[in-house]
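As structure tokens, the structure follows; a few thoughts come after it.
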Amino acid sequence: MSSIPSSLSRRTFLAATGAVGAAALTACSDLTPGASSSEQSSAGPVSTAVPADKKITLVVADADDTTMTPGLIAAFREKHPNIKVNRQYTGWDDYLKSINTTMSADSAPDIAQFTSGMQNLVPGRLLLKVGEYGKAYGWAKKFPGLDQITLTPDGKTVGTGDLYGVGAGLSFEGVYYNKAKARKLGLTVPPATLEDLEALFAKVKAAGETALVAGNLDGGLNHPFNVLLSAYLTPKDREAWAYGQQSATIELPEAEKAAETLQRWVDKGYVTPKVNGVSDNDATAAFAKGEGVFRISGNWAAAAVAKGLGEGAGYFNMPPVTSGGKLRTTGAGVYYCVSSKSKNAAAAAAFLDFAASAQAAAITAKAGFMAPDAGAMPSQSGLLGDVQKGWQTIVADAGLQPFIQNASTPTMGDTLTTQLQLLAGGKATPEKFLTGLQTDFENYHK
43 MSSIPSSLSR RTFLAATGAV GAAALTACSD LTPGASSSEQ SSAGPVSTAV
93 PADKKITLVV ADADDTTMTP GLIAAFREKH PNIKVNRQYT GWDDYLKSIN
143 TTMSADSAPD IAQFTSGMQN LVPGRLLLKV GEYGKAYGWA KKFPGLDQIT
193 LTPDGKTVGT GDLYGVGAGL SFEGVYYNKA KARKLGLTVP PATLEDLEAL
243 FAKVKAAGET ALVAGNLDGG LNHPFNVLLS AYLTPKDREA WAYGQQSATI
293 ELPEAEKAAE TLQRWVDKGY VTPKVNGVSD NDATAAFAKG EGVFRISGNW
343 AAAAVAKGLG EGAGYFNMPP VTSGGKLRTT GAGVYYCVSS KSKNAAAAAA
393 FLDFAASAQA AAITAKAGFM APDAGAMPSQ SGLLGDVQKG WQTIVADAGL
443 QPFIQNASTP TMGDTLTTQL QLLAGGKATP EKFLTGLQTD FENYHK
């Protein structure tokens, strides 16, 4: 796979925050609290030399339920045998609820997976500014096309300000399908347009099958909504809202079209029955066991789907509104930041840098993610190979867009889940659905 062009960089979305930073790394001017000034100062050049003559312990907190983070930790320890790395894994929902408290404690982990709401730690100077480490390691070149986490001092606007972290692997969303069932039903895959995809859903429903396997107990309908929004909404409007620009709005005709489409899919019975009572993970598991025909999710689900359906698992990118149009989708990554209280900031920065290595690329690819060093990713076959090819097409169209729930406010994830449940349950119109999202946005930004 070729390296990611710089034209994609402004549209690359962060791990679970959706925060995007400029490709240029900014210098930092303040001291951050929690450790010695020699370790924590971001006012001048820092060393990339990791002490090899003393034992160091790093604690990594994450919610990555793939093989990537544990694989990176194991490989990093082999490279630095004097560094012990203790992993503190927490399930996604609990991680979202607890990570700010965890990072505020005196016993904060050295490294944490950056996720929604952690921008609130910036005003309290609880995250380490790593701009000087970025300069020393050359992260602007090592993470081609993958923007780093940059935030303003109040933590409310992304894409500008100081550097706080970098990503290990990128994820993006698309459409999985059951090849055997598609052949049996005579479906033409991939569809050329969204209208064609909906026509396939109708044909599947008529045959008595579930067209789109989904779970919305924890807001899993955000996957189809996000990719529909990517197809309908202009990148300019999408990014302005996700990045927290004060004048932005999601109450737009194109966003309403996306919400109307999703609600119609539910109302017509294309989506898993009683979808509000099914979790997103259970939906993936059910699809992997052969339930339904299509599943809209991210490449993080590729390993589970491939394991369950084997050679019968297929993938294609979400089609555009108009045949031949540019492909756009939603994506994120697993990004890591460093606590300002870490006593081993140099070792922590070395771990972040290791995520961009060729050795790390193989680990990242095996977990189903796209590696920062895209050229070092091993070629893959089967479903993972199809996902990789899909990613190349998205890259060529500079089509990656940010998750709306993870950037604009710390509470948007919960708000989106609630609003999606109301939308799917017929208790909110598309207009009211969008108003609920915009109200959260304005309460935070205005």
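Residues 43 to 488 (the numbering used here) make up the sequence shown, in order. Ideal placement from N, C-alpha and C gives every residue a C-beta, glycine not left out.
Report the three-state DSSP secondary structure of residue i (helix, strand or coil).
i       : result
Gly-216 : strand
Met-412 : strand
Val-429 : helix
Asn-128 : strand
Pro-472 : helix
Arg-167 : coil
Phe-393 : helix
Phe-185 : coil
Ser-146 : helix
Leu-556 : No answer is possible for residue 556: the residues shown for the chain start at 43 and end at 488.
Thr-111 : helix
Ala-297 : helix
Ala-256 : coil
Tyr-312 : coil
Ala-346 : helix
Asp-204 : strand
Ile-153 : strand
Thr-230 : coil
Ala-325 : helix
Thr-371 : strand
Ala-105 : coil
Ser-399 : coil
Let's test the definition: count the other Cβ atoms within 10 Å of the Cβ of residue i and tell me whether it reaches 16, buried, or not, exposed.
i       : result
Gly-250 : exposed
Gly-257 : buried
Glu-174 : buried
Ser-365 : exposed
Ser-140 : exposed
Asp-136 : exposed
Asp-309 : exposed
Lys-223 : buried
Ser-474 : Ser is not the amino acid found at residue 474; the sequence shown has Lys there. So Lys-474 counts as exposed.
Pro-444 : buried
Arg-225 : exposed
Ser-158 : buried
Gly-334 : buried
Glu-120 : exposed
Gly-180 : exposed
Rounded to a whole number of angstroms, what is the C-alpha to C-alpha distance between residue i and residue j?
i       : j       : result
Ala-387 : Thr-143 : 20 Å
Pro-472 : Ala-466 : 10 Å
Leu-394 : Gln-287 : 29 Å
Ala-392 : Val-92  : 7 Å
Tyr-218 : Ala-413 : 21 Å
Val-208 : Gln-190 : 5 Å
Arg-370 : Asp-148 : 43 Å
Asn-485 : Met-160 : 18 Å
Leu-294 : Glu-240 : 22 Å
Ala-344 : Gly-375 : 15 Å
Pro-420 : Ala-403 : 8 Å
Tyr-274 : Ala-297 : 7 Å
Tyr-285 : Thr-451 : 9 Å
Pro-123 : Gly-468 : 57 Å
Gln-480 : Thr-459 : 14 Å
Thr-202 : Asp-196 : 11 Å
Gly-373 : Pro-277 : 13 Å
Tyr-312 : Val-269 : 17 Å
Ala-470 : Ala-117 : 49 Å
Gly-350 : Thr-199 : 41 Å
Ala-440 : Trp-433 : 10 Å
Val-3   : Trp-134 : Residue 3 lies beyond the range of the chain shown here (43 to 488); nothing can be said about it.
Ala-390 : Phe-411 : 22 Å
Among the residues of its own chain, which have a CB less than 7 Å from the CB of residue i, if the five just before and after it don't count?
i       : result
Glu-353 : Gly-424
Gly-319 : Leu-259
Thr-406 : Met-110, Ala-210, Gly-211, Ala-413
Pro-233 : Leu-239, Leu-242, Pro-361
If you drop the 5 nearest sequence neighbours on each side, which residues of the same chain put their C-beta closer than 6 Å to that of residue i?
i       : result
Asp-322 : Gly-257, Asp-260, Gly-262
Ala-99  : Before going further, note that residue 99 is Thr rather than Ala in the sequence given. Excluding sequence neighbours, Thr-99 sits near Lys-126.
Val-429 : Asn-341, Ala-344, Tyr-357
Arg-306 : none
Counting contacts by CB-CB distance shorter than 7 Å, is residue i in contact with chain C?
i       : result
Asp-279 : Although the question refers to chain C, the structure presented lacks it and comprises just one protein chain.
Can we count residue i as close to the ligand ATP, meaning its CB is less than 6 Å from some heavy atom?
i       : result
Tyr-179 : The ligand ATP is absent from the structure shown, which contains no ligand whatsoever.
Within the same chain, show all residues whose beta-carbon is closer than 8 Å to that of residue i, passing over the 5 residues directly before and after it, in chain order.
i       : result
Ala-346 : Thr-326, Ala-327, Ala-330
Asn-128 : Thr-99, Leu-100, Val-101, Val-102
Gly-427 : Ser-421
Segments assigned alpha helix (DSSP H), at least 4 residues, entirely inside the segment 255–288: 264–274, 277–284
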